[in-house]
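My numbering puts the sequence shown at residues -4 to 324. C-beta: ideal position from N, C-alpha, C; glycine also. Read through the structure below, which is laid out as C-alpha cells, and then see the notes.
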Amino acid sequence: MTIYDISELAGVSASTVSRVINNKPGIREATREKVKALLKEHNYTPDENARGLVNKNTRLIGILLADIRSAHHTDLTYAVEKYLRGKGYCGIILNAGSHAGEMLEAIRILEQRRVDGVLMVGSVFQNEEVENGIREHFANIPVVFANGRFDLPNVYCVLVDECDGVEHCVDLLVKKGKGNAAFIGELDTPSSHEKLKGFKRAMLRCGRSEDSLVILGGEPSRESGYELTRQLLSRHPDIQSVIYSEDLVAAGGMRAFWDAGVRIPDEMAVIGIDNTIYGELSCPRFTSLDNKMTEMASEAARILIDAIEGRQNPRKIMLLSDIVEREST
-4 MTIYDISELA GVSASTVSRV INNKPGIREA TREKVKALLK EHNYTPDENA
46 RGLVNKNTRL IGILLADIRS AHHTDLTYAV EKYLRGKGYC GIILNAGSHA
96 GEMLEAIRIL EQRRVDGVLM VGSVFQNEEV ENGIREHFAN IPVVFANGRF
146 DLPNVYCVLV DECDGVEHCV DLLVKKGKGN AAFIGELDTP SSHEKLKGFK
196 RAMLRCGRSE DSLVILGGEP SRESGYELTR QLLSRHPDIQ SVIYSEDLVA
246 AGGMRAFWDA GVRIPDEMAV IGIDNTIYGE LSCPRFTSLD NKMTEMASEA
296 ARILIDAIEG RQNPRKIMLL SDIVEREST
C-alpha cells in the first residue's frame, strides 16, 4: 500500500496524504480524520528512506565505539539507543576498533549512510586522524564526543573529571591507612592520562616524590591485570593498595591477590574505575570510581538531538565522578 493508493481511496491528492502523515497544518479536520483512518486500516508505514530524500534527513545517528564487548560500553549503548528511539531516531552502531585506520573506515561508512549526526564514545578517538576525518566527512553535521574533546565548530564535548575522581580515590586510601598506593593498567589513552595525572597529583600532595611512584602499564584486559599484579607483588612487597585503570583490569588483579593468598582489604586495598558489574561480581566486591559513562552518553545523545533539531547547548560539559565504596577498601 503506497501513499498514492491511500490518496485514491480518500479522494485527495498524494500531497494531502503526505501532510497528514507529517502532521502538517492547513487540512480540514474531516479530511485529516478520513486519511488517518485509512492509514490505520491498511497498516500504512512511511518509507523512511523516501522521506529522507524529500526532507534531506535520514533520522539515522552514527554511534562509534572502540569495542561494544566492553561492559561499560554495552550499558551506555543500551541507554543511548533507547533514548534515540524515543526521539524517533535510529542508531547505527559500529565497532571502530582502536587503530586510526579502522576508525577512519567507520567514519566513511557513516558518511555513506548519510547520518544526521554522530556520537563518538571513548577517549581513544581523540587523535589527529579522527579529527581530520571529522573535518573532511562530517563538517556539515553535528558530532558529540563523549569522554573526549576536539576544538571544531560542529563538535560538542561531554567529559567526566576522572583526574579529580582518582585524586579522591587516593585520599580515601590514605584515610583507610593504605596510602602507599600503586597504579596499574592502560596508560596510553587521553582518559588514562587524566587518571594518571590525578594519581600523581594526589600522591605528590601526600609527600611522595614522582620517581618513587609505582606505576605499571599494560593492556586493558583481565589477563594483563593478573600478570601486572603478580609483578607488583614480587617487585614491590611494601605496596598497601592499588588503583586500577579499569574494573576489568582490577578483576584480573583481584584473582592474582587471591592466588597469592593476599587478604583484601586487610593486607591490600583495591579500587577499580568504571563502576561496572565486575566490581559487584568479585569476591570480595571491590570499590570503583563511577565515571558516569552511562550518564555521560545519555547527555551526549540529548545534546546531539538538540543540535540536529536546532536547539542550543554549551560546547563543553563536565560531569563529576563518585566513588562507590565496597568491601575491598
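- Here DSSP, grouped into helix, strand and coil, assigns serine 65 to coil.
- Boundaries cannot be given for tyrosine 39, as no alpha helix (DSSP H) includes it and DSSP labels it neither H nor E.
- In this structure, lysine 190 places its C-beta atom within 7 Å of the C-beta atom of valine 161.
- Around the CB of tyrosine 73, fewer than 16 other CB atoms lie within 10 Å, so the residue is classed as exposed.
- Bounds of the alpha helix (DSSP H) holding alanine 255 are 242 to 255.
- In the three-state reduction of the DSSP assignment, cysteine 278 falls in the coil class, being assigned neither a helical nor a strand state.
- Taking a C-beta distance under 7 Å as the contact criterion, aspartate 285 and serine 316 qualify as a contact pair.
- For lysine 170, the number of other beta carbons within 10 angstroms of its own is below 16, and it is reported as exposed.
- Here methionine 288 carries a helix assignment [DSSP, helix/strand/coil].
- In this structure, the beta-carbon distance from alanine 141 to methionine 291 falls below 7 Å.
- Around the beta carbon of leucine 199, a 10 Å sphere encloses fewer than 16 other beta carbons of the protein chains shown; the residue is thus reported as exposed.
- When secondary structure is reduced to three states using DSSP, isoleucine 104 falls in the helix class.
- As computed with DSSP, phenylalanine 178 is found in a beta bridge with Ile210, Ile238.
- Taking every protein chain shown into account, the CB of methionine -4 has fewer than 16 other CB atoms within 10 angstroms, so this residue is exposed.
- The secondary-structure analysis by DSSP pairs isoleucine 129 with nothing; it has no beta-bridge partner.
- Separation of alanine 66 and isoleucine -2 (C-alpha to C-alpha, rounded to the nearest whole angstrom) is 44 Å.
- In this structure, DSSP gives cysteine 158 a helical state, which the three-state scheme calls helix.
- Here arginine 225 is not near glycine 247, since their CB atoms are 7 Å or more apart.
- Here the stretch 26 to 42 does not lie against the stretch 73 to 91, with fewer than 3 beta-carbon pairs under 8 Å apart.
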